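Visitor:
Chains as they are written, first to last, in the working numbering: chain C, 144 to 481; chain Z, 102 to 245.
This is how it looks when you write it as structure tokens:
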């Protein structure tokens, strides 16, 4: 008999639902105008009220796209943390209610673990052990993965995340939020001819706060000489900043490979959509004979598909939770979620 | 009151003790200042002062980061700190949606970056801090 899982993700801004059969993603929906058209509503923006409005339509849509009836579900998976309390609560409560009414088990999932296991949504899959650099607006970490459910963080940011470095730079440059994709696009037309310092952070940890400050000082100085400096050099500034952010990330990956001897190298999280990071990783892979892995875009950003993929591993291991489970805003990979 | 500081040593030795003295019983702190002015760096120093063990990272994306530190007077011996950042929120409604009133009304420290968005919700007894980058890249901190 096949295993049918419904997975729910509501840790931050997006409400998402996915349906999986035997670990294969049948549908992976993020609440947007599509999910709401049937209900005649509009999509609210941030946080818990938005999730409350989104969750029923997006679950309906995921089931419908998968061609699955909820009475056939084997279990329900949900993001227990880390994330914003008010947002997590919506997904956790919904999962508990539905599991209770259908009398099926529940599976808790760590959102950061799910980003890593998103690599198992579609082939090619990395083999164990592998390294995964997870980069997003809120996170930057290198994870050593020894088995589907065994992983440890071996490096992480001490201040800002890489995605935040993109967004804050965008703010300084007067670009719209989120600025990551805009900088990516502008950088393609520019040359990385301005140099920003690489922070001197020991081991496999990262820091992006100093980079933000040095960009700020650099622009302040240049604009004193030429008030039009940003406008006249926008593409080159973007290329230079992106070049530095990517090199900070990749240099630490090189160090992580040297230290662990692991040459299966993956990236995950929303920033792994950045074209320079993708190209840089592939180039490094060729030079150093690593096998490199980048998930499809739909599995990079926050999505329930990756929650479902992780839950499938847990289903096979029979790792279920009881109705006493509650959301945990801070939950590090490899620690107990209490 | 106004202080100028240059580095983390000044921040730890001079600024943090001065702020805590000036704040007195006020636990809701509003941290204003431009990008790069040092708001998160100040919160990192405050957390160091209280003995927070976790890495203190930017809450811009997560909106709220919670930390705990040992406090014999608190229930279960642990007190909480909420580090908020309203940078990416667009209006008061979104702030209410994330439960902002809870963080303003509870007994714990709440250190809030980009708090101007919710001025109408500020409790009466807030501690206001403004950080500014000076020409020589030292920082000026104003508080009242």
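Ideal Cβ placement from N, Cα and C applies to all residues, glycine included. These numbers come from a predicted model, not from an experiment.
#1: Mapping DSSP to helix, strand and coil, what is residue 425 of chain C?
#2: From the beta carbon of residue 137 of chain Z, is the nearest beta carbon of chain C less than 8 Å away?
#3: Quick one: what does DSSP say residue 144 of chain C is sitting in, helix, strand or coil?
#4: From residue 232 of chain Z to residue 103 of chain Z, what distance separates their C-alpha atoms?
#5: Any Cβ of chain Z within less than 8 Å of the Cβ of residue 158 of chain C?
#6: Compare the C-beta of residue 218 of chain Z against all C-beta atoms of chain C and say whether one is closer than 8 Å.
#7: Does the CB of residue 314 of chain C have a neighbour CB from chain Z at under 8 Å?
#8: Closer than 9 Å, Cβ to any Cβ of chain C: which residues of the segment 155-166 of chain Z, in chain order?
#9: Taking DSSP as the reference, what is the three-state secondary structure of residue 213 of chain Z?
#10: Quick one: what's got a C-beta closer than 7 Å to residue 247 of chain C's C-beta in the same chain, skipping five residues either side?
#11: To the nearest whole angstrom, what separates the beta carbons of residue 161 of chain Z and residue 300 of chain C, a pair I think is in contact under 8 Å?
#12: For the segment 338-421 of chain C, list the alpha helix (DSSP H) runs that are entirely contained and at least 4 residues long, ordered along the chain.
#13: Assuming residue 269 of chain C is part of the beta strand (DSSP E), what are its boundary residues?
#14: Rounded to the nearest angstrom, how far is the Cβ of residue 315 of chain C from that of residue 359 of chain C, given a contact under 8 Å?
#15: Of all Cβ atoms in chain Z, is any one closer than 8 Å to the Cβ of residue 304 of chain C?
#16: Identify which residue in Z/146, Z/226, Z/188 has its Cα closest to the Cα of residue 205 of chain Z.
#17: Which value, in whole angstroms, describes the spacing of the CA atoms of residue 228 of chain Z and residue 185 of chain Z?
#18: Could you pull the start and end residues of the alpha helix (DSSP H) that residue 162 of chain Z belongs to?
#19: Verify the CB distance criterion: does residue 227 of chain C have a CB-CB separation below 8 Å to chain Z?
#20: Using C-beta distances below 6 Å, list every residue in its chain close to residue 342 of chain C, excluding the 5 sequence neighbours before and after it, in chain order.
#21: Among the candidates C/410, C/366, C/422, whose CA atom is the shortest distance from the CA of residue 282 of chain C?
#22: Which value, in whole angstroms, describes the spacing of the CA atoms of residue 416 of chain C and residue 444 of chain C?
#23: Please state the DSSP three-state secondary structure of residue 118 of chain Z.
#24: Give the secondary structure of residue 240 of chain Z by DSSP, where H, G and I count as helix, E and B as strand, and everything else as coil.
#25: Would residue 482 of chain C pass as a contact of residue 306 of chain C if the rule is Cβ separation under 8 Å?
#26: What is the DSSP secondary structure of residue 156 of chain Z, counted as helix, strand or coil?
#27: For the candidate residues C/312, C/206, C/211, C/388, whose alpha-carbon lies nearest to that of residue 137 of chain Z?
#28: Which term fits residue 107 of chain Z, buried or exposed, when burial requires 16 or more other beta carbons within 10 angstroms of its beta carbon?
#29: Buried or exposed for residue 364 of chain C, going by 16 or more other Cβ atoms inside 10 Å?
Guide: Here's the rundown:
#1: Numbered from 1 along the first chain, position 282 holds the residue referred to as residue 425 of chain C. Three-state DSSP puts residue 425 of chain C in a helix.
#2: Counted from its first residue, the second chain places residue 137 of chain Z at position 36. Between residue 137 of chain Z and chain C, the shortest Cβ-Cβ separation is below 8 Å.
#3: By one-based count along the first chain, residue 144 of chain C stands at place 1. Of the three classes helix, strand and coil, the one that applies to residue 144 of chain C here is coil, per DSSP.
#4: Indexing the second chain from 1 puts residue 232 of chain Z at position 131. Indexing the second chain from 1 puts residue 103 of chain Z at position 2. Approximately 10 Å, taken between the alpha carbons.
#5: The residue labelled residue 158 of chain C in the question sits at position 15 within the first chain. Judged by the 8 Å Cβ criterion, residue 158 of chain C is not in contact with chain Z.
#6: On the second chain, residue 218 of chain Z is found 117 positions in, with the first residue counted as 1. False, the Cβ-Cβ gap to chain C never drops below 8 Å.
#7: For the purposes of this step, residue 314 of chain C is identified with residue 171 of the first chain, where counting begins at 1. Interface criterion met: the Cβ of residue 314 of chain C is under 8 Å from a Cβ in chain Z.
#8: When C-beta distances to chain C are compared with 9 Å, the residues of the segment 155-166 of chain Z below that value are 155, 156, 157, 158, 159, 160, 161, 162, 163, 164, 165, 166, in chain order.
#9: Here residue 213 of chain Z refers to the residue found at position 112 when the second chain is read from its first residue. Strand at residue 213 of chain Z.
#10: The residue you call residue 247 of chain C lines up with position 104 of the first chain. If the five residues before and after residue 247 of chain C are omitted, its C-beta is found closer than 7 Å to the C-beta atoms of 216, 217, 218, 219, all from its own chain and listed in chain order.
#11: For this step, residue 161 of chain Z is matched to residue 60 along the second chain. For this step, residue 300 of chain C is matched to residue 157 along the first chain. With a contact defined as Cβ atoms closer than 8 Å, residue 161 of chain Z and residue 300 of chain C miss out at about 12 Å.
#12: Counting only unbroken stretches of 4 or more residues, the alpha helix (DSSP H) elements lying wholly within the segment 338-421 of chain C are 352-368, 372-403, in sequence order.
#13: Here residue 269 of chain C refers to the residue found at position 126 of the first chain. First-last for residue 269 of chain C: undefined, no H or E at that position.
#14: Within the first chain, the letter at position 172 stands for residue 315 of chain C. Within the first chain, the letter at position 216 stands for residue 359 of chain C. Sure, about 6 Å apart at Cβ, within 8 Å.
#15: Translated into positions along the first chain, residue 304 of chain C becomes position 161. For residue 304 of chain C, the answer is yes, since a Cβ of chain Z falls inside 8 Å of its Cβ.
#16: By 1-based counting over the second chain, the position of residue 205 of chain Z is 104. Of Z/146, Z/226, Z/188, the residue nearest in Cα terms is Z/226.
#17: Taking the second chain and counting its residues from 1, the one referred to as residue 228 of chain Z is at position 127. Taking the second chain and counting its residues from 1, the one referred to as residue 185 of chain Z is at position 84. A direct Cα-to-Cα measurement between residue 228 of chain Z and residue 185 of chain Z gives close to 15 Å.
#18: One-based indexing of the second chain puts residue 162 of chain Z at position 61. Run containing residue 162 of chain Z: none; DSSP gives neither H nor E here.
#19: Translated into positions along the first chain, residue 227 of chain C becomes position 84. Residue-level contact check: residue 227 of chain C touches chain Z, since one or more beta carbons of chain Z fall below 8 Å from its beta carbon.
#20: Within the first chain, residue 342 of chain C is the residue found at index 199, counting from 1. In chain order, 350, 353 place their CB closer than 6 Å to the CB of residue 342 of chain C, counting only its own chain and leaving out the 5 sequence neighbours on each side.
#21: Start at 1 with the first residue of the first chain, and residue 282 of chain C comes out as number 139. Checked all of C/410, C/366, C/422; the closest Cα to residue 282 of chain C is C/410.
#22: In the first chain, residue 416 of chain C corresponds to position 273, counting from 1. In the first chain, residue 444 of chain C corresponds to position 301, counting from 1. Note on geometry: alpha-carbon atoms of residue 416 of chain C and residue 444 of chain C lie some 8 Å from one another.
#23: Position 17 of the second chain, counted from the first residue, corresponds to residue 118 of chain Z. Helix at residue 118 of chain Z.
#24: Residue mapping note: residue 240 of chain Z aligns to position 139 of the second chain, counting from 1. Residue state, collapsed to three classes: strand.
#25: With chain C represented from 144 up to 481, any question about residue 482 of chain C goes unanswered, as that position is not in the structure.
#26: Position 55 of the second chain, counted from the first residue, corresponds to residue 156 of chain Z. Note: residue 156 of chain Z maps to coil in three-state DSSP.
#27: Position 36 of the second chain holds residue 137 of chain Z. If we check each option's Cα against that of residue 137 of chain Z, C/312 comes out closest.
#28: Taking the first residue of the second chain as 1, we reach residue 107 of chain Z at position 6. With fewer than 16 other Cβ atoms within 10 Å, it is exposed.
#29: Within the first chain, residue 364 of chain C is the residue found at index 221, counting from 1. By the neighbour-count rule (16 or more Cβ atoms within 10 Å), residue 364 of chain C is not buried but exposed.
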